[in-house]
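Here's the structure, in structure tokens; my notes come after.
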Amino acid sequence: MTKSTRPTPRSAATGEAQRRSSRFLGNADASNSSATTQAPAAGRPSPCLLQPSISTILDPLDSTAGSSSLVTAPTLTSPQHEADEVPVSQAEPMNTDSVVIEEDSEEDEAQEEENEAEEVVVRPRRKLTSPVWKEFKKVKVKNMMKAKCNWCSKKLGGEIRNGTKHLLDHLKICPYRKRPADTKKQTSLRYSSNVQGGKVAVENYTFDQDVARKALGSMILLHDYPLSIVDQIEFRKFVSALQPLFKMVRRNTIRSDILDSYKIEKKRAINYMEKNKSRVAITIDMWMSEHQKRGYMAITAHFVDESWKLQSYIMRFIYVPAPHTARVIAEILHDALVEWYLEDKVSTLTVDNATTNDACIPILENLIGPSKLMLGGKILHMRCCAHILNLIVKDGLDVLEESIEKIRDSVAFWTSTPKRIENFQEVAKMLKVDQSKKLSLDVKTRWNSTYFMLSVALRYKSVFNRLRQREKTFTCAPSDDDWKFCGEVCDRLKLFADITEIFSGTQYVAANIYFPKICEIKMNIRKWSKCGNEIIEAMSDAMSAKFDRYWSDIQGLMGIATLLDPRFKIDMLHVCFEMLLGDESIIDCESKVHEIRELVSSLMLEYQMESEQENTEAQSVSISAMEANKVMSIFSARVARKRPTTSLSRTELDRYLDDEYVAANQENFDVLGWWNVAGSRYPTLRAIARDIFAIPVTTVASESAFSRSGSVLSEHRSRLTPELLEALMCSQN
């Protein structure tokens, strides 16, 4: 069949350029003899003959333009036609040293991602004669025929009307086709990142697009960069200059990469937690987003791993729909525990003192089941001691409100305007006062900010006194008695600040020192009640009432942790209860110590039963297939199970209590390291210590996630979905 010679539609500019090229090629002799052109030197082509036409700037990979509108080789332009069209070199000088950045449009990339799953390989009805089809294959995407490169998987126009010229042009510039035939990844050299002793090493390097994309996603996660950074022109130029082979993606793609990476890491973490045999302590806290007006809950898991190292991970940063009732919180938390295979491994739940959290505990206990909890759920509820201390100090500061008012007014006066701040700093510099800490007004609902305000103001006492003489409008200057009282208050608040800082650590065990530190606070409060200062005594009474209200809920659990510290054991319990109850209540102290010892004995019974059940399941093998020594081993285990378990547990506990103490004055004592090595003599107590010492005494681990979430979910990123926000928060942990 004769092929039609009817020309295909094309733009006027393209047709005119090709007609000029044809006329020039047909009359080359006449063009070279033109009077307006100077003949070039021998062996050198005329510069005007090498000027590219505008058709050479067109992307040869653009399948929508059609094969007839593409010109891949430079079009020779006759001098006699230079007046008719302006060469590209005259309109805009070409820089041959510049880096060419090849970018896919966002629309093309999105379409490619959507159609990737719908790609269908098409078998042609007749044999394709062009050699180009040896390196291309026809695929159908959304009822459109495409030609897919076997090297780089790029899809070009595959319809009959497109022809094959653009496919040949693509093969000339395909980056993967230019590489050696044995591999698609060519090895190059780079400087090693491990530089030691000032020596620079060189190592082999192979570029991998997937590895680079993963590193890009990790960078965005770690530094809280916006997802739109991949759309910024200068950033794309910078990346292209570093590695021209890297194909920059769009924000939708990097969002998918982050979510996929998070799902993979989450699955690995769940598998790890499923195999973990120790119990896990949970902390939760709620946060309301200011920009989204949504409630989120951070769920953090704390446990001691197989190497006896304390670990803390944010399991979920989950959206909680309103209303935030106790039932809603308990059900969402239970679903998260089931998803992570932790519903039968929970030791305690540390929460703040909100009424909703108190109501959530019994609901969660019923959802999990008392049989799966330690001591039937008696020690499930762990109150955040940081919130308890905050309530204690806040009640005490309410009594001191009028006494420290002049200090607060003075700080407010000298921080109200920039001019006053400059005058204050000039006087401080003249008096040679250390200005490493600046004046700041407190927040009345946060006692630690009040303590910071008073402690910093004391450092500038001489500055305030000098300014009282120089500034007539400064009428609220504190007196000497005010400064003396401020010093007494700071000395007492420093105790709470230091202990709160110790309890807020998440990288070390704090449960074993909780009891002694709390007793230290109680002892000091009792001492302040007899100091002779009526205001301080009133503060002490208010603190003591709040202390007694919350302490009784957690003294049993923290007493177990104190007993399991080889430096303290049972003698520290006697000392602490005497400090709490007073020297006159010796009988009550003995009763409290006996209760804690009974709790330890009950825990040992539970752990021994679990251990025996695991051993029984492991030894359920046919006797006919056993050797004689295995039969004797099972016989010994059966006899041991028939013995009274209570005597065994008490014997192990008695041996631990009768052994020598570890020196109490050791600095940086590693209680987990001791139980890992020396604790092997007490296997049941060792398992209990591993679970008890993982319990956090505050909810700081969960609250710290909210301090970062404020920057992640800022005003400019308020459109983040809950799913992506959780991926950003948990992936960093």
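All residue numbers in the sequence shown are consecutive under full-length UniProt numbering, ending with 733.
In this text, a Cβ means the ideal position worked out from N, Cα and C, and glycines have one as well.
As the structure is a computational prediction, the values presented were derived from the model and not from experiment.
Inter-residue spacing [alpha-carbon to alpha-carbon] between residue i and residue j
i: M558; j: D352; result: 17 Å
i: L375; j: S256; result: 45 Å
i: S702; j: L454; result: 29 Å
i: N533; j: S585; result: 28 Å
i: I314; j: N271; result: 15 Å
i: S680; j: A687; result: 10 Å
i: I499; j: K517; result: 7 Å
i: L728; j: K569; result: 43 Å
i: A147; j: V239; result: 29 Å
i: C384; j: R549; result: 14 Å
i: I229; j: E203; result: 30 Å
i: V433; j: H387; result: 35 Å
i: F137; j: V121; result: The sequence shown places Lys at residue 137, rather than the Phe named in the question. Rounded to whole angstroms, K137 to V121 spans 8 Å at the Cα level.
i: L720; j: R294; result: 12 Å
i: P722; j: Y296; result: 9 Å
i: L168; j: P131; result: 9 Å
i: F207; j: W133; result: 28 Å
i: I502; j: P370; result: 32 Å
i: M145; j: V139; result: 6 Å
i: D62; j: R177; result: Reliability fails at D62, whose pLDDT of 40 lies under 50, so the model's placement of it is uncertain and no value is given.
i: P175; j: G217; result: 24 Å
i: L337; j: T651; result: 36 Å
i: L573; j: P683; result: 23 Å
i: L724; j: D335; result: 19 Å
i: K275; j: T699; result: 26 Å
i: A663; j: L564; result: 14 Å
i: Y451; j: K494; result: 8 Å
i: S504; j: L389; result: 12 Å
i: S21; j: K165; result: Per-residue confidence for S21 stands at a pLDDT of 43, beneath the threshold of 50, marking its modelled position as unreliable; the derived number appears in the next sentence. Whole-angstrom Cα-Cα distance: 19 Å.
i: A281; j: E537; result: 38 Å
i: C152; j: I258; result: 24 Å
For residue j and residue i, believed in contact at Cβ under 8 Å, the rounded distance
i: M539; j: G396; result: 4 Å
i: I220; j: L227; result: 7 Å
i: residue 736; j: V697; result: Because the chain here runs from 1 to 733, residue 736 falls outside it and cannot be looked at.
i: H381; j: L349; result: 6 Å
i: I513; j: I692; result: Not a contact, Cβ separation roughly 13 Å.
i: S403; j: I596; result: That pair is no contact at about 40 Å.
i: F515; j: T562; result: 4 Å
i: L672; j: V509; result: 6 Å
i: T506; j: S312; result: 5 Å
i: Y262; j: C730; result: 7 Å
i: C589; j: E578; result: 5 Å
Candidates the options: closest to residue i by CA position
i: Q732; options: I233, D210, Y225, V575; result: Y225
i: N143; options: K134, K517, W151, G157; result: G157
i: A298; options: I318, E290, S307, A281; result: I318
i: W414; options: V463, S704, V443; result: V463
i: D658; options: D571, C476, V211; result: D571
i: R492; options: I525, Q469, T473, Y508; result: I525
i: L245; options: D210, R279, K263, L259; result: D210
i: T356; options: L367, A330, E365; result: A330
i: Q243; options: D260, R213, T253; result: R213
i: M126; options: W340, E488, I160; result: What sits at residue 126 in the sequence shown is Arg, not Met. Of the listed residues, the one whose Cα sits closest to R126 is I160.
i: S611; options: A354, L685, V575, E422; result: L685
i: K437; options: Y451, T445, R459, T450; result: R459
i: C490; options: C519, K546, V393; result: V393
i: K309; options: E119, C149, D670, A705; result: D670
i: D344; options: H223, N366, T253, A359; result: N366
i: R466; options: I361, T445, L431; result: L431
i: R279; options: A694, N150, R123; result: A694
i: A689; options: A705, K530, N665, Y656; result: Y656
DSSP beta-bridge partners of residue i
i: V280; result: V346
i: S504; result: According to DSSP, S504 bridges with nothing at all.
i: V141; result: M144
i: K155; result: K148
i: I318; result: M297
i: Y313; result: A301
i: E383; result: Looking at the sequence itself, residue 383 is Arg, so the reference to Glu does not match. Beta-bridge pairing links R383 to V351.
i: V120; result: K140
i: W287; result: Y296
Would you check if there are 3 or more beta carbon pairs closer than 8 Å linking the stretch 409–427 to the stretch 371–391? no
Is the stretch 245–252 touching the stretch 269–283, taking contact as three or more C-beta pairs under 8 Å? no
Under 8 Å, with one C-beta from each stretch per pair, do the stretch 579–598 and the stretch 665–678 reach the 3-pair mark? no
Cβ pair count under 8 Å reaching 3, the stretch 415–435 against the stretch 483–497: no
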